[in-house]
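Peer 1:
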Amino acid sequence: MSSTVRQVTTDQAPPPAGTYSAAIVHNGLVYVSGQTARLPSGERLLDAPFEVQVRAAMDNLAAVARAAGTSLAHALTVTVYLRDQGRSGEFDEIYRAYVGDPPPARAIVQSDLSVGELEVTAVLALPA
18 MSSTVRQVTT
28 DQAPPPAGTY
38 SAAIVHNGLV
48 YVSGQTARLP
58 SGERLLDAPF
68 EVQVRAAMDN
78 LAAVARAAGT
88 SLAHALTVTV
98 YLRDQGRSGE
108 FDEIYRAYVG
118 DPPPARAIVQ
128 SDLSVGELEV
138 TAVLALPA
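Residues 18 to 145 in the numbering used here are what the sequence shown lists, from first letter to last.
(1) So, for Arg55: in the same chain, excluding its five sequence neighbours on each side, which residues have a beta-carbon less than 6 Å away from its beta-carbon?
(2) Touching or not, the segment 41-58 and the segment 116-125, by the rule of three or more beta carbon pairs under 8 Å?
(3) Reducing DSSP to helix, strand and coil, say where Glu60 ends up.
(4) Tell me where the beta strand (DSSP E) around Ser50 begins and ends.
(5) Nearest CA to the CA of Thr36: which residue from Ser58, Asp28, Asp109 and Gln24?
(6) Short of 6 Å in beta carbon distance, which residues of its chain neighbour Val71, apart from the five on each side in sequence? Order them along the chain.
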């Protein structure tokens, strides 16, 4: 395994909104920064229904994973920040279609997010 650090960028997901990378690859692992309900252009979907926001965030997570050379089927752990943890069941119904089997380890945290209904981050393995 390489000990180099590689930055991941893609035009298939929104650009970082601050001083951070979309993802970093190191020693066979991909660390994906929090993805929210934004279009690849960067436009925020703040007024969109919850389901649309979830799909946008998960699509962004998947796009960054692909750009790194992996997929959500190789997710090891996912952390989900929800404005309303009472919506975790709704989130889970959509989430299931994005991850592999067995599903990754996961935490759902209620958070007073500054924008949107959710943010999702993950650590993934690069395929052998």
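Note that the Cβ used here is the ideal one computed from N, Cα and C, for glycine as well.
Peer 2: Looking at the coordinates:
(1) Pro31 and Arg61
(2) no
(3) coil
(4) Leu46 to Gln52
(5) Gln24
(6) If you ignore the 5 residues before and after Val71, its C-beta comes within less than 6 Å of the C-beta of Phe108 and Ile111, all in its own chain and listed in chain order.
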